[in-house]
Amino acid sequence: MDKPILEKDGTKSECGINVTWYVAVHPHPLLNGKYSYAIAIHNVLERNPFPIADFDSCLFGCYDTAHQALDAGVKEAQINPMIADIIK
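The sequence shown runs 12 to 99 under our numbering.
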């Protein structure tokens with residue numbers, strides 16, 4: 012995957028455990044001028060269960076601007092309940 016257009020990282024606290032997250036915005040793999048995001052929770056890249064394209068199973072969404080994709084990815088990162096997977 013190419014270098015991200017935009018990226019942001021942070022932490023969230025779940026059950027007293029700090030969980031890191033990272034969001035990267037990339038061009039949409041099929042639609043020129045559109046954008047998608049990749050997300051990693053606790054250094055694990057999330058996979059899209061319904062991939063946008065066979066070769067990009069880690070991208071989510073289709074947004075008009077890179078900032079819209081970043082905002083959507085950050086929102087998902089902050090609400091995604093991953094703590095159960097981390098403490099297994």
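Glycine included, C-beta positions come from ideal geometry on N, C-alpha and C.
- Lys45 and Phe71 have their C-alpha atoms some 12 Å from each other.
- Taking every protein chain shown into account, the CB of His37 has 16 or more other CB atoms within 10 angstroms, so this residue is buried.
- The straight-line gap separating the alpha-carbon atoms of Gln89 and Glu57 is approximately 14 Å.
- One thing to note: His53 has its Cβ no nearer than 7 Å to the Cβ of Val34.
- A direct Cα-to-Cα measurement between Ala80 and Glu18 gives close to 10 Å.
- Nearest neighbour of Asp20 by Cα position, chosen from Ala64, Ile50, Asn59, turns out to be Ile50.
- DSSP, reduced to helix, strand and coil, places Leu56 within a strand of the structure shown.
- Judged by beta-carbon spacing, Ala77 lies within the 7 Å limit of Ile16, meaning their Cβ atoms are closer than that value.
- Annotation for Ala35: the continuous beta strand (DSSP E) segment containing it runs 28–38.
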